[in-house]
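Trainee: Sharing a structure below in structure tokens format, with a few things to ask.
Numbering (my numbering), first residue to last: 1266 to 1567.
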């Protein structure tokens, strides 16, 4: 049962309609733009948010032939896009450059949620539609383009996110309902032993973010909620969202004090809330780990 004494905040619609599976919100501070994806439509969106955080306007969209699991941004504005099986770099001029293949050809699943570690290395997970449990992965792409597997036993990988000092990495194993944590060395990406941080009930954990106080905000798919947990896994607060399939959460705006929440389905889209929490600046993609030849066909499924 929810604790009736915990603070409850309410998110409001900022942009709804026309999204099958809105996911992966990301604040690009240098350009003051909000980025997110529609996984099933294979689209990456650039948006502008009002100063008070109440509305989001689509400025530009980028279509891909397959699914799009996540997007990251470099200092110079280039976008790193996780396609179905591989990564693609999208320049400001619209040129598309092929990145490393993360999943082998013929893999039934696809790339899912992802993000950059404190050194700007990109990590992405996978999810499979075949119902087979324990075969999804969480991978890190090195500066040389090599793919290192951190986990190979997941069932719908989501996250990851890091504490403000970069020393704790959180990741999500969605179907078992587990948020996990491990030590992380920002210098070389060395990880410590993985352990369970908390188990979610009354829904499934999806995307997450960490605020400046080290609290973890988890989007709970099926519950229409984002829940806040302390570094000791104590439930501190809940944000109610008027969409059941909440998919991810990020802190955005010039002050990183507007919570942006994505959700899927006919009532989904982009929602915002003010909770008093403030985010931490996210490391941009470092721009490495990719070949430099141009993609012959910009519409090819990556």
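Where a beta carbon is used, it is the ideal one built from N, C-alpha and C, also for glycine.
These numbers come from a predicted model, not from an experiment.
Use the C-beta contact count for residue 1347: other C-beta atoms within 10 angstroms, 16 or more gives buried, fewer gives exposed.
Mentor: With 16 or more other Cβ atoms within 10 Å, it is buried.
Trainee: Quick one: residues in its chain with C-beta nearer than 7 angstroms to the C-beta of residue 1338, no 5 flanking neighbours on either side, listed in chain order?
Mentor: Within the same chain, residue 1338 has close Cβ partners 1291, 1293, 1300, 1344, 1549, 1550.
Trainee: Tell me where the beta strand (DSSP E) around residue 1329 begins and ends.
Mentor: Run containing residue 1329: none; DSSP gives neither H nor E here.
Trainee: So, helix, strand or coil for residue 1556, using DSSP?
Mentor: In this predicted model, residue 1556 has a pLDDT of only 47, less than 50, meaning its place in the structure is not dependable enough to derive any value.
Trainee: Would you mind giving the Cβ-Cβ distance between residue 1378 and residue 1289, rounded to the nearest angstrom? I have them listed as a contact below 8 angstroms.
Mentor: That pair is a contact at about 6 angstroms.
Trainee: Cβ atoms of residue 1365 and residue 1352: under 8 angstroms apart, would you say?
Mentor: Closer than 8 angstroms, so yes.
Trainee: Do the region 1427-1435 and the region 1399-1412 make contact, defined as three or more Cβ pairs closer than 8 angstroms?
Mentor: As far as the Cβ criterion goes, the region 1427-1435 does not touch the region 1399-1412, which means the pair count is below three.
Trainee: Is it right to say residue 1271 is buried, meaning 16 or more other beta carbons lie within 10 angstroms of its own, or is it exposed?
Mentor: With fewer than 16 Cβ atoms within 10 Å of its Cβ, residue 1271 is classed as exposed.
Trainee: Between the region 1482-1492 and the region 1518-1532, do three or more beta carbon pairs fall short of 8 angstroms?
Mentor: With the cut-off at 8 angstroms, the region 1482-1492 and the region 1518-1532 touch.
Trainee: Take residue 1437 and list the residues in its own chain whose beta-carbon comes closer than 6 angstroms to its own, dropping the five residues that flank it on each side.
Mentor: 1423, 1424, 1444, 1470.
Trainee: Smallest Cα separation from residue 1536: which of 1468, 1496, 1320?
Mentor: Selected option, being the one with the closest Cα: 1320.
Trainee: Rounded to whole angstroms, what is the Cα-Cα separation between residue 1554 and residue 1411?
Mentor: Taking the straight line joining both Cα atoms gives about 7 angstroms.
Trainee: Around the Cβ of residue 1280, are there at least 16 other Cβ atoms within 10 angstroms (buried) or fewer (exposed)?
Mentor: Answer is buried; the Cβ neighbour count reaches 16.
Trainee: Who are the Cβ neighbours of residue 1277 in its own chain at under 8 angstroms, not counting the five residues just before and after it?
Mentor: The answer, listed in chain order, is 1319, 1507, 1536, 1537, 1538.
Trainee: Expressed to the nearest angstrom, what Euclidean distance is found between the alpha-carbon atoms of residue 1317 and residue 1519?
Mentor: Computed Cα separation, rounded: 10 angstroms.
Trainee: Taking Cβ to Cβ, would you say residue 1304 is nearer than 8 angstroms to residue 1333?
Mentor: Yes, they are a contact pair.
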